[in-house]
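Input: a single structure, listed below in structure tokens.
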Amino acid sequence: MSPARRAAGLIPDDNPTARRWFAIDHYVTFGETSAAGFVYYLRLLEWQGHCRERFGYAYCPDYMNRLRGELVMPTCTASCEYLTEIYPNDLISIRLSIPWLRLHLMKGEFVYYRISRTGAEELVARGEQQWANMRPDGETMTPEPWPEEVLKTCRLMNTDLSRALIT
């Protein structure tokens, strides 16, 4: 029997000043694995993107709609450290935290936990991405201040906004 999948959302924390995490659960499919039976490394980077977008649509829907042409949010850097193999039917909790906004840049940190049938968690990978908030201007892009909706959400996540570009 597989562990129960949980709804996406913020992980509660008793400490109001601690960094908060947005979590989604994902059951690994056979289509995400190699012939050897474990998950392709690239899938973990794809899952980072899924987690980021689901977070955005849940907490910053207006900003996400503005990314359809008015603004762009390019990924500047991406990394993932694979700690142990992941297999089909594993339930993986992918969690995103946003430690800081610096000027027009945002850092996302990811952790991946395998959830056992008993609910025990095993850290299987971790990663980071950095994104920029930009406005397309012909063939170039210019840095853009973070909209209030994003800042409000980052406050909820206990993100350091002390050096964020705001209007």
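Heads up: the sequence shown begins at 1 in UniProt numbering, then just goes up one per residue.
Note that CB positions come from ideal geometry on N, CA and C, so glycine has one too.
In this text, all values refer to a predicted model and were calculated from it rather than measured experimentally.
Please go through the same chain and pick out, in chain order, the residues whose beta-carbon is closer than 8 Å to the beta-carbon of residue i, but skip the five residues on each side of it.
i	result
D160	P99, W100, L101
T153	Y59, C60
L45	A78, C80, G127
R163	W100, L101, R102, L103
Y113	I92, S93, R95, E121, E122, L123, V124
Y87	V28, T33, G37, F38, V39
G108	Q48, R52, L96, S97, I98, E128, Q129, Q130, W131
Measure from the alpha carbon of residue i to the alpha carbon of each residue in the options, then state which is nearest.
i	options	result
A125	R155, S79, R163, M64	S79
E85	V28, R52, L103	V28
C76	D62, H104, E70	H104
E148	L165, I11, E139	L165
D90	F38, N65, L151	F38
L42	G127, L151, N65, R155	G127
R66	V150, L156, T167	V150
What does DSSP give as the partner residue(s) for residue i in the beta ladder?
i	result
D137	T140
D25	S93
Q130	T77, K107
For a quick check, are the C-beta atoms of residue i and residue j less than 8 Å apart?
i	j	result
W146	P74	no
F110	I92	no
G69	Y63	no
Y40	E53	no
L83	L123	yes
I11	H50	no
Ignore the nearest five residues each way along the sequence and tell me which others in residue i's own chain have a CB closer than 7 Å to its CB.
i	result
T142	M134, R135
N158	T17, A18, R19, R20
W144	A small fix is needed here, since residue 144 is Glu in this sequence, not Trp. Taken in chain order, the residues that qualify are L71, H104, N133, M134, R135.
W47	H26, I94
N15	none
Between residue i and the ligand MG, is there a pair consisting of the residue's CB and a ligand heavy atom that are separated by less than 7 Å?
i	result
N65	With respect to the ligand MG, the structure shown offers nothing to examine, as it has no ligands at all.
Output needed for residue i: all residues of its chain with C-beta closer than 6 Å, excluding positions within five of it in sequence on either side, in chain order.
i	result
T167	P145
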